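Presented below is the structure to which this report refers.
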Amino acid sequence: MFLLSNPVNKFVSVLILVSELLINSGAFAVPYKNNHVYRSTDTQGRPIIILSGNSSTQWLIKYLSQEKPVTFYVNACGLIKINNRNKKIRRLSIGNTEINLSTLPINPVPKCDREISPFSVNNTSNFITHNGVIYIANAGESLMPVDGTVQHFIERRITPNSCGFAVFRAPFNKTRFPGSFEWNNNTYQVGSLVVAPEPPRCTKGLIHIPPGY
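In this note's numbering, the protein residues as written are 1 to 213.
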């Protein structure tokens, strides 16, 4: 059902079956000023994002993790080896240099003779193997640590409620969102989303919409 709140009278209610609302409104049930994705805060003052759409499907949200500091080690042959077989690493920096993973050539691992510096074959550029292992060359002295950072690709599934919208809660310490995320084949910049002073609520199939929507 559908519940409208009036700022003059505390609650002037119009009740409509949710099923009728979803059929009549198509994919989007509770937009804010014609925006189907928007920011707000929950009852505890924490940031949330409202996604409004078809309540019959589970939704997939994609975004990058927070930047994580990592200490890598250069092996005896002068390479840093980074396991990325699941292809979850999307951003990688070694020292102060960001590595563009999408441009790395696919090469076999070169043979290495520790008596010859650094390789017995000529391959001193960054590359990736066919099974996703990343090799970084010229990053430092052999057997020495090198500081870097990584960001992983995250897929998160959320289920919309019976009123046709879902609440995407801040994934980083419950207080911070990534700079952007993907949903429904669109990319959204979090800082550019409109802000609703109060989010809608769904209680036992009733949509409670605050004034101003």
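For glycine and all other residues, C-beta sits at the position ideal for the given N, C-alpha and C. A quick note: this is a predicted structure, and the numbers were derived from the prediction, not measured.
Where does the unbroken beta strand (DSSP E) through residue i begin, and where does it stop?
i: Phe72; result: Lys68 to Tyr73
i: Gly148; result: Pro145 to Ile158
i: Thr41; result: Val37 to Thr41
i: Glu182; result: Ser180 to Trp183
i: Ile207; result: Leu206 to Ile209
i: Leu92; result: Ile89 to Ile94
i: Ala137; result: Ile134 to Ala137
i: Lys81; result: Leu79 to Ile82
Do residue j and residue i come within 9 Å of each other at the CB atom, strictly closer than that value?
i: Phe153; j: Ile61; result: no
i: Ala166; j: Leu51; result: yes
i: Val194; j: Tyr32; result: yes
i: Cys112; j: Ala137; result: no
i: Pro200; j: Pro210; result: yes
i: Ala139; j: Phe72; result: yes
i: Ile158; j: His130; result: no
i: Asn184; j: Trp59; result: yes
How many Å lie between residue i and residue j at the Cα?
i: Glu141; j: Lys81; result: 14 Å
i: Thr149; j: Cys163; result: 41 Å
i: Asp42; j: Phe177; result: 14 Å
i: Gln151; j: Pro69; result: 9 Å
i: Asn84; j: Val133; result: 5 Å
i: Asn173; j: Gly45; result: 14 Å
i: Asn100; j: Leu92; result: 8 Å
i: Arg90; j: Ser102; result: 9 Å
i: Asn34; j: Glu198; result: 15 Å
i: Asn215; j: Asn86; result: Nothing about residue 215 can be read from this structure; the chain reaches only from 1 to 213.
i: Ile128; j: Gly78; result: 15 Å
i: Thr175; j: His36; result: 22 Å
i: Leu104; j: Leu143; result: 24 Å
i: Ile49; j: Leu64; result: 16 Å
i: Cys202; j: Gln66; result: 31 Å
i: Ala196; j: Ser40; result: 5 Å
i: Val109; j: Val74; result: 15 Å
i: Tyr188; j: Gly205; result: 28 Å
Per DSSP, what are the beta-bridge partners of residue i in this structure?
i: Thr129; result: Paired residue(s): none; Thr129 is not in a bridge.
i: Val194; result: Looking at the DSSP assignment, Val194 forms no beta bridge with any residue, so it has no partner.
i: Gln189; result: Ser180
i: Ser52; result: Phe165
i: Thr203; result: Leu206
i: Leu60; result: Arg157
i: Glu98; result: Ser93
i: Pro47; result: Thr41
i: Tyr220; result: Since the first residue shown for the chain is 1 and the last is 213, residue 220 is missing from the structure and cannot be characterised.
Please determine if the stretch 173 to 188 and the stretch 92 to 108 are in contact, where contact requires at least 3 C-beta pairs separated by less than 8 Å.
-> No: the two stretches stay apart, fewer than three of their Cβ pairs being nearer than 8 Å.
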